[in-house]
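If you read the protein sequences in the order shown, they are chains A and B. Letter by letter, the first sequence follows residues 6 to 283 of my numbering. Letter by letter, the second sequence follows residues 4 to 201 of my numbering. In this text, a Cβ means the ideal position worked out from N, Cα and C, and glycines have one as well. Just so you know, these numbers come straight off a predicted model, no measurement behind them. So the structure is just underneath, and the comments pick up after that.
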Amino acid sequence: MDELLSNPAVQVGIVPILAAFTVALVVALLLHPLRLGGLAVVAAFLTTMYFVSGLALSPLTATRKIIILSIAAPVVGILMDFAFKPTRMGGAVLALCAAAGAFWVFWPVLAQKPTAEAWLLGASAVVAIAFMVGYAQLYLAGDAVRAGAAGLGLGLGTGIAAILSASVSYGLYGIALGAGAGAFLLPQMITGRKRSAGATFTLTVTLTAGLVAAGAMILAKLPWYSLLVLALVPVGPRLPVPETAPVWLQAVLLSLYGFVIGGAACTLAWRFPDGIPG
Amino acid sequence: MIQLALGLMFLTLPLASAAQVESYNIDPFHTVPYWETDHIGFATMRGRFDRATGNFSIDRAAKTGTLEIVIQTATLSTGDTDRGVRRRTRDEHLRSPDFFNVAEFPTMTYRATNVRFAGDGPDVIEGELTLLGVTKPVSLKVERWRCGPDPRTAGKRYQCGGNVTGSFKRSDFGMKFGLPTAIGDDVKLWMSFYGFRN
């Protein structure tokens, strides 16, 4: 066991994700009855962040701003879920706030880049994040299995694409979000009972995954077109599945829809890391 | 008359003192910071930064000096520039947020706060390294130091050159990826430098 734990690959990659999934599962099991199971995502993200780079907030780098927004997102989500009824206007406001958050995180880095590159990367980040947050709030927040499947595909897609783009740490943050979404889904699959997602889950997972993916693009080498395809992952789990099918089967099918789109984003990062020819 | 002479002497004393301070501009083509650290407990990996600029000054009479070096982090190189079958090279990984995060922190700087002399030359440079937005004290040992006319310019240009070494823990600067065993925490520095007198 000691030998296994002293393996560098296990220390760097396996331990943070296993810890993230375990913590997230405990949070999901404890808080699902209170409609707060969505907090599993932020629990997983912060656990992995603790193992990989620590939870310090100074100096306030882009990565640390992502930590702050990942904590703020479920707070806003809980407020949205318990104090307001879901409306189209609410989804649009969240999308705009997410875009502003992305601007706050990445502007100091983009300001150091050539103008054309800064515009391309900045616009891709803002559009992708605003779309993911708004779409998930409008169309997924009411269905915890579809939302969980979207989070799973988005997290794993972001993580694998980030690793292909030269940042293992951002890859682990993305995979941690997938682990959190998996922990959110698992109790529903086992019990066959759908729980609540709400903005607590969807805002947290889409905003944080979007920021991690944008960070992999702006700070590492993720191509902008991969980010835009990743932004479409939440669309996949809206496709139809047999409503009479068991919850676990619905979760598997919906996750597969998300994986296909996330896989396309990873394929782009793998095949065309420096631009699409032609 | 004596009062006038004394007055002039006092007036010119600061000028005489200032004249002993020699200032130098770093030669970016021959000033190369190298670093090394442990890799998964088996071998030592070495790398360098291809571009460093800055200046230093020395007052041999007062035995004081200054130093400021700005290193362009994106010029990092370990010699691994060909991706081969991989998606990314080691150099690209080292430039990512896992390590030097060059998009967000394009420079790292070293500023001397005190220069200790041994004889006529500098021996230990106490200063502060700013890396990833974190500033921590780091001392450099001057292992080699020589000043004189530059033979390449037939003596028209005066230069000082030498080598310095130092070390720090990268975790002190928030660079924690791969700790504790994949990538070593202790980083050794070795730098050759040249400066041309202004």
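How is V246 of chain A classed by DSSP in three states: helix, strand or coil?
Within the first sequence, the letter at position 241 stands for residue 246 of chain A. In this structure, V246 of chain A counts as coil in the three-state DSSP scheme.
Please classify M194 of chain B as buried or exposed, where buried requires at least 16 neighbouring CB atoms within 10 angstroms.
Numbered from its first residue, the second sequence carries residue 194 of chain B at position 191. Burial call: buried.
I think L177 of chain A touches G18 of chain A, with their Cβ atoms under 8 Å apart; what is that distance to the nearest whole Å?
One-based indexing of the first sequence puts residue 177 of chain A at position 172. One-based indexing of the first sequence puts residue 18 of chain A at position 13. Right, their Cβ atoms sit about 7 Å apart.
Quick check on the DSSP output: the beta strand (DSSP E) that includes K144 of chain B runs from which residue to which?
Numbered from 1 along the second sequence, position 141 holds the residue referred to as residue 144 of chain B. K144 of chain B -> beta strand (DSSP E) spans 137–152.
Give me the chain B residues within the contact set of A202 of chain A, using Cβ-Cβ distance strictly less than 7 Å, ordered along the chain.
The residue you call residue 202 of chain A lines up with position 197 of the first sequence. In chain order: nothing, as chain B lies at least about 30 Å away.
Under a Cβ-count criterion, where at least 16 other Cβ atoms within 10 Å of its own Cβ denotes burial, should F89 of chain A be classed as buried or exposed?
Numbered from its first residue, the first sequence carries residue 89 of chain A at position 84. That one is exposed.
Take the Cβ of R173 of chain B as the centre, count every other Cβ of all protein chains shown within 10 Å, and call the residue buried at 16 or more, exposed below.
Numbered from its first residue, the second sequence carries residue 173 of chain B at position 170. Burial call: buried.
Using a Cβ-Cβ cut-off of 8 Å, state whether I74 of chain B counts as contacting chain A.
The residue you call residue 74 of chain B lines up with position 71 of the second sequence. Chain A contact via Cβ: absent.
With respect to the alpha helix (DSSP H) encompassing T205 of chain A, which residues constitute its N-terminal and C-terminal limits?
Indexing the first sequence from 1 puts residue 205 of chain A at position 200. Unbroken alpha helix (DSSP H) run through T205 of chain A: 203–223.
Take T184 of chain B and list the residues in its own chain whose beta-carbon comes closer than 8 Å to its own, dropping the five residues that flank it on each side.
Here residue 184 of chain B is taken as the residue at index 181 of the second sequence, counted from 1. Closer than 8 Å at the Cβ level, and outside the excluded window around T184 of chain B, lie I43, G44.
Please name the residue in B:K139, B:V35, B:T116 whose C-alpha comes closest to that of L70 of chain B.
The residue you call residue 70 of chain B lines up with position 67 of the second sequence. Here the closest residue by C-alpha is B:T116.
Could you pull out every unbroken alpha helix (DSSP H) segment of at least 4 residues lying fully inside the region 31–87 of chain B, listed in chain order?
You should have found no qualifying run.
In chain B, which residues lie less than 7 Å from A121 of chain A when you measure between Cβ atoms?
Counting from 1 along the first sequence, the entry for residue 121 of chain A is found at position 116. Ordered by position in chain B, no residue passes the 7 Å Cβ test against A121 of chain A, which lies about 16 Å from the chain.
Using DSSP with H/G/I as helix, E/B as strand and the rest coil, what is K199 of chain A?
Here residue 199 of chain A corresponds to residue number 194 of the first sequence, with the count starting at 1. The answer is coil: DSSP assigns K199 of chain A none of H, G, I, E or B.
Can you pull the chain B residues whose beta carbon is under 9 Å from the beta carbon of A236 of chain A, in chain order?
Start at 1 with the first residue of the first sequence, and residue 236 of chain A comes out as number 231. Those do not exist, as A236 of chain A stays about 21 Å from chain B at its closest Cβ, beyond 9 Å.
Can you confirm whether the region 238–249 of chain A touches the region 184–202 of chain A when touching is taken to mean that 3 or more C-beta pairs between the two stretches lie within less than 8 Å?
As far as the Cβ criterion goes, the region 184–202 of chain A does not touch the region 238–249 of chain A, which means the pair count is below three.
The alpha helix (DSSP H) that contains T116 of chain B, what's its start and end?
Start at 1 with the first residue of the second sequence, and residue 116 of chain B comes out as number 113. Note, T116 of chain B: premise wrong, no alpha helix (DSSP H); beta strand (DSSP E) at 110–121.
Mind listing the chain A neighbours of H96 of chain B? Cutoff is C-beta to C-beta under 9 Å, in chain order.
Within the second sequence, residue 96 of chain B is the residue found at index 93, counting from 1. Within 9 Å Cβ-Cβ: A171, S172, V173, A225.
In whole angstroms, what is the alpha-carbon distance linking Y37 of chain B and A46 of chain B?
Indexing the second sequence from 1 puts residue 37 of chain B at position 34. Indexing the second sequence from 1 puts residue 46 of chain B at position 43. Y37 of chain B and A46 of chain B: Cα-Cα distance of roughly 16 Å.
For chain A, find out if any of its Cβ atoms is closer than 8 Å to the Cβ of D189 of chain B; answer yes or no.
Here residue 189 of chain B is taken as the residue at index 186 of the second sequence, counted from 1. For D189 of chain B, the answer is no, since every Cβ of chain A falls outside 8 Å of its Cβ.
Counting only the same chain and skipping the five closest in sequence on each side, list residues whose C-beta sits under 7 Å from that of A48 of chain A.
Position 43 of the first sequence, counted from the start, is the residue given in the question as residue 48 of chain A. V28, A29, V32, G185, listed in sequence order.
What does A61 of chain A reach in chain B if we use C-beta pairs closer than 8 Å?
In the first sequence, residue 61 of chain A corresponds to position 56, counting from 1. Residues of chain B passing the Cβ test: G177.
Hey, how far is the Cα of P278 of chain A from the Cα of N104 of chain B?
The residue labelled residue 278 of chain A in the question sits at position 273 within the first sequence. The residue labelled residue 104 of chain B in the question sits at position 101 within the second sequence. Using only the alpha carbons, I get a separation of about 19 Å.
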